[in-house]
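Participant: The structure that follows is given in the form of structure tokens.
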Amino acid sequence: MEARNQFDVLAHEESPLDHAVAQRDKTSVSMVDAALRHDEAMLAFQPIVTSSKPHTIVFYEGLIRIPDPTGRIIPAGEFIHKVEELETGRLIDCKALEIGLRTLAAQPQLQLSINMSARSIGYGRWLEILGKALRYDSTLGARLILEITESSAMLVPELVVNFMRDMNRRGIRFALDDFGSGATSFRYLRDFQFDILKIDGQFMRDIEFNADNQVLTQALISIAEHFDMFAIAEAVETAEASEWVCSTGVDCQQGYYFGVPTVHPPWIQKNRQKSKKLPNSCWDSLGVAALQHLGY
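Here the sequence shown stands for residues 1404 to 1699, numbered as in the numbering used here.
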């Protein structure tokens, strides 16, 4: 009996590794909260180019970034999975949308995609940011693309379908991100009616000589064609990979081979004095409310 009690105690004790992971996650959440509190979150912009004319940029993707205490810019992959189920994750989506809409308002020729989680669907502050921006300039919606990952979309598929229909009426298009990484039901794929399908970057690894990735990529492109979606190959990093992907007939490509995400996009240096800007009144009250929700 005593031995079993000792075992039970040990089984419920937190291991040093578990403790270290928990502390790391807590630190990451605090870092993101601090970036939101000090308005330090930013977007890094990466181009998406046409396969047939790789110097032609179709649109940019805005990827959320935050600085750490040393000033190093941290990509979303290092923190988003730690905050996506928290209120902080919703505020990150709000900030990405806010910056994206500001950018679109300042650059009338730009088309931009912004990432969001299905968990933010129906989130009041997110909808208010979008609504205020569209009331200020109704043309912004036609230049905005919302990216939802395959895994996120499958959390609440019926809700996603209705949300997409509502946003489509405002001119907003949708991209299914990281396709092939999850288990999308083809019934829902039909119902979703995404405009763009982004093929997960895992299939681009050594694709010029990896037969498995070649077959899978071609299958995913066929799915995009069948459902009348624009196909984009993600994470293309070499000339050889780009050439092979181009031979499949994929519409567009994205990856380090064409440009790394940068917080200093080319338009920042051009015609800044002529830029059209959304007034701060669009955001100020939302920012205060969001920070109050975090307890600041």
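Ideal Cβ positions, reconstructed from N, Cα and C, are used throughout, including at glycine.
What you are looking at is a predicted structure, and each value in this text was computed from that prediction instead of being measured.
Quick one: complete alpha helix (DSSP H) runs, 4+ long, within the stretch 1524-1598?
Facilitator: 1527-1539, 1553-1556, 1560-1571 and 1589-1595
Participant: Could you check the C-alpha separation between alanine 1636 and serine 1520 for me, to the nearest Å?
Facilitator: 21 Å
Participant: Looking at C-beta atoms only, is the number of pairs between the stretch 1497-1512 and the stretch 1522-1535 that lie closer than 8 Å three or more?
Facilitator: Below 8 Å, enough C-beta pairs join the stretch 1497-1512 and the stretch 1522-1535 to call them touching: three or more.
Participant: Whose CA, out of Phe1577, Glu1646, Phe1566 and Leu1562, lies closest to the CA of lysine 1601?
Facilitator: Phe1577
Participant: Could you tell me whether the Cβ atoms of phenylalanine 1566 and isoleucine 1524 are closer together than 9 Å?
Facilitator: yes
Participant: Suppose the cutoff is 8 Å on Cβ atoms and the five residues either side in sequence are ignored; what does the same chain contact list for valine 1648 look like?
Facilitator: Ser1454, Met1607, Ile1610, Thr1620, Ala1636, Val1639 and Gln1656
Participant: Just tell me which of Phe1595, Gln1514 and Thr1542 has its CA closest to the CA of isoleucine 1551.
Facilitator: Relative to the Cα of isoleucine 1551, the nearest Cα in the group Phe1595, Gln1514 and Thr1542 belongs to Phe1595.
Participant: Would you kindly work out how many angstroms separate the C-alpha atoms of cysteine 1644 and asparagine 1613, rounded to a whole number?
Facilitator: Note on identity: in this sequence residue 1644 is alanine, with cysteine being the wrong assignment. Taking the straight line joining both Cα atoms gives about 10 Å.
Participant: Return the residue from the list Arg1572, Phe1589 and Cys1497 that minimises the CA-CA distance to leucine 1579.
Facilitator: If we check each option's Cα against that of leucine 1579, Phe1589 comes out closest.
Participant: Given that a residue counts as buried once 16 or more other Cβ atoms are within 10 Å of its Cβ, and exposed if not, what is lysine 1456?
Facilitator: With a 10 Å radius around the Cβ and a threshold of 16 neighbouring Cβ atoms, lysine 1456 comes out exposed.
Participant: Compute the Euclidean distance between the alpha carbons of valine 1432 and valine 1486, then round it to the nearest angstrom.
Facilitator: The C-alpha of valine 1486 is placed about 6 Å away from the C-alpha of valine 1432.
Participant: Could you tell me the alpha carbon to alpha carbon distance between arginine 1593 and aspartate 1569, rounded to whole angstroms?
Facilitator: 17 Å
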